Amino acid sequence: MTCRFVLIVIMTLPALALAHPSCENGSVAIDAHFEGGRLDHCEFSADEVVELTFRAEDYRVSDAFAWFSFRVATDGPREVKIKLQFPDSYARFWPKLSTDGRNWIRAPEYGVERSEVGKSMTLTLDVDETGLWVSAQELLTSRYYDDWLVQLDGHFELETEIIGESVLGRPIHLASTRDKREAVLLLGRQHPVEVPGAIAMRTFVDVVMGNSDLAREFRERYMLVILPLINPDGVALGHARHNAGLTDLNRDWGPFTQPETQAVAALLEDLEARDVAPRLVLDFHATKMWPTMIFYTQTPDDDARPRRFSSRWLDSVDERIDNFEFKHDPRPPSGQGNVKNYFFKRYGIPAITYEMGDEVDRSAIIEHTPVFAEEMMRTMLEAP
1 MTCRFVLIVI MTLPALALAH PSCENGSVAI DAHFEGGRLD HCEFSADEVV
51 ELTFRAEDYR VSDAFAWFSF RVATDGPREV KIKLQFPDSY ARFWPKLSTD
101 GRNWIRAPEY GVERSEVGKS MTLTLDVDET GLWVSAQELL TSRYYDDWLV
151 QLDGHFELET EIIGESVLGR PIHLASTRDK REAVLLLGRQ HPVEVPGAIA
201 MRTFVDVVMG NSDLAREFRE RYMLVILPLI NPDGVALGHA RHNAGLTDLN
251 RDWGPFTQPE TQAVAALLED LEARDVAPRL VLDFHATKMW PTMIFYTQTP
301 DDDARPRRFS SRWLDSVDER IDNFEFKHDP RPPSGQGNVK NYFFKRYGIP
351 AITYEMGDEV DRSAIIEHTP VFAEEMMRTM LEAP
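The following block contains the structure:
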């Protein structure tokens, strides 16, 4: 029965995932043969512990952490002990568990033991015949974005289109409202691991494209330019940070060496040719640096226009939210080729890195993101 299960899994996988190793011992099988899967080495030790190794996606990754995502199958209900090893990185993420690849929970504390130096963690998992998915974060892959694009395309004010392709030929999708003189840009998923930012972005877009009086008034003045998934190759291949071109896309704004950022640069040129002026850009990310949220913005001395937008926006949010902490971290422009620097230097507008914490409670994201979206719209409507 175990062998038949493994054969079925392999036959139904996308071709891109077949390079990942797998292992089985007759009663337990491990694989990463699915979109977003990541596993570099797999073996059973003498004491029946499964040892898995995870490495950075390529030699150019500068941040020392690796994505992990794999499946466990058993021939019956049993406890499985799995050791995750990160020889050239560290265990940044608390494991998430799913029995179907769609619905996820945070692994219970009693089932996770981290090493003191953070180079490994050991999981004790209860697995039955349905199997178990284990991942650094929830798997939000092409299926998730396809579903979202269908939803966006169903909105009577939105049109979706493909503006370019990734290194490996995956489409870069755009959803936008009709042209206005001013535009607000929402950018998502440059870094594959930053799933909480993707969850926040979808909720944010839902509010801005909603049917409230505020949202309708906002869309009367501003064009919405929405790029949900800028790094589809990285997401599909189980990368932590880079695209398939060994590049951090959020360091490629200005150089534009990669087809993904080149597609957005061409979009910006096209908007300018149509007399559409960007007025605000929000770039959705996630971070290990803060437990809930952090906003990297321009400083008051940078003279971004609308003037003092970031402070007015976040101060108004703070007045409405009592039980959810966030941090405003204004920073002057630097030479780093990220969205925040590029858009401010080119357009002189607020360009904000919207960061969710890695382990922020997902229900808190859904609960509080609407406040950030509503106050953004109010603050932009007050702009001259």
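Letter by letter, the sequence shown follows residues 1 to 384 in our numbering. All C-beta atoms, glycine included, are put in the ideal place defined by N, C-alpha and C. Keep in mind it's a predicted model, so treat the numbers as computed, not measured.
What do you reckon, is the C-beta of residue i under 7 Å from a heavy atom of the ligand ADP?
i, result
"residue 380", "Looking for the ligand ADP in the displayed structure turns up nothing, as the structure carries no ligands at all."
Of the choices the options, whose alpha-carbon is the least far from that of residue i?
i, options, result
"residue 115", "86, 303 and 353", "86"
"residue 297", "308, 290 and 289", "308"
"residue 390", "34, 25, 67 and 35", "Outside the shown range of the chain (1 to 384) lies residue 390, about which nothing can therefore be said."
"residue 288", "88, 94 and 22", "94"
"residue 127", "212, 78, 148 and 364", "78"
"residue 150", "185, 119, 202 and 136", "202"
"residue 21", "70, 268 and 63", "70"
"residue 320", "368, 41, 379 and 52", "368"
Could you name the residues that DSSP lists as bridge partners for residue i?
i, result
"residue 164", "172"
"residue 355", "285 and 294"
"residue 73", "29"
"residue 280", "184"
"residue 105", "97"
What residues in its chain sit with their C-beta under 7 Å from that of residue i, if we drop five residues either side in the sequence?
i, result
"residue 305", "348 and 349"
"residue 374", "207 and 214"
"residue 138", "96, 104 and 195"
"residue 61", "240, 241 and 242"
"residue 219", "157 and 177"
By DSSP, does residue i sit in helix, in strand, or in coil?
i, result
"residue 31", "strand"
"residue 80", "strand"
"residue 10", "Low local confidence applies: a pLDDT of 29 at residue 10 is under 50, so the model's placement there is unreliable, with the coordinate-based value given in what follows. Correct three-state label for residue 10: helix."
"residue 267", "helix"
"residue 17", "Its pLDDT being 38, under 50, residue 17 is placed unreliably by the model, and nothing is read from it."
"residue 41", "strand"
"residue 253", "coil"
"residue 366", "helix"
"residue 149", "helix"
"residue 228", "coil"
"residue 130", "coil"
"residue 329", "strand"
Report all residues from its chain with a CB closer than 6 Å to the CB of residue i; omit the five preceding and five following residues, and keep chain order.
i, result
"residue 140", "195 and 198"
"residue 382", "none"
"residue 98", "104 and 133"
Are the region 246-266 and the region 70-82 touching, with three or more C-beta to C-beta distances below 8 Å?
-> Counting Cβ pairs under 8 Å, fewer than three are found: no touch.
Any chance the region 54-66 sits against the region 234-249, with 3 or more Cβ pairs inside 8 Å?
-> yes
Pairing CB atoms from the region 355-372 with CB atoms from the region 196-204, are three or more of them under 8 Å?
-> yes
Pair every Cβ in the region 146-164 with every Cβ in the region 100-119, then say whether three or more of these pairs are closer than 8 Å.
-> no
Specify whether the region 336-343 and the region 242-259 touch according to this definition: at least 3 beta carbon pairs, one from each stretch, less than 8 Å apart.
-> Cβ pair count under 8 Å is three or more, so yes.
Determine, using beta-carbon pairs with one atom in the region 163-176 and one in the region 119-133, whether at least three such pairs fall under 8 Å.
-> no
Three or more C-beta pairs below 8 Å linking the region 220-230 and the region 25-38 | no
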